[in-house]
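Below: the structure, in structure tokens.
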Amino acid sequence: MSVDTATVAKIASLARIKVSEGELEAMVPELNGILAWVEQLGEVDVTGIEPMTAVIPNTLRLRDDVIDADPLTGGGKRDAVLANAPAAEHGFFGVPKVIE
């Protein structure tokens, strides 16, 4: 795959980047080089290799899910919250219809 000046101009337009004619000409071989490198990566045999999300193994530190852990924000305050709502309907906030 290769790109020409018109393709680079279209990409710049879609990205809302102002590029001069001289810069367009300079970008063509650069983008073609990047695409050639990506095609070269596609030729590498990766059978049996697990996909990774990071170079080093990461584990997330997770906390236990505890309901009502904090008395101020833990929940069970639906009626108190809905008391301030301009329109409460069936235990939920009532909002105006926006899609017909």
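Residue numbering for the sequence shown follows our numbering, beginning at 135 and increasing consecutively.
For each residue, glycine too, the CB sits at the ideal point set by N, CA and C.
| Query | Result |
| --- | --- |
| Residues bridged to Gly223 [DSSP beta-bridge criterion] | Reading off the sequence, residue 223 comes out as Glu, not Gly. Phe226. |
| Contact belief for Ser136 with Leu169 at Cβ below 8 angstroms, rounded distance in angstroms | 7 angstroms |
| Local Cβ density within 10 Å of Val142, reported as buried at 16 or more and exposed below that | buried |
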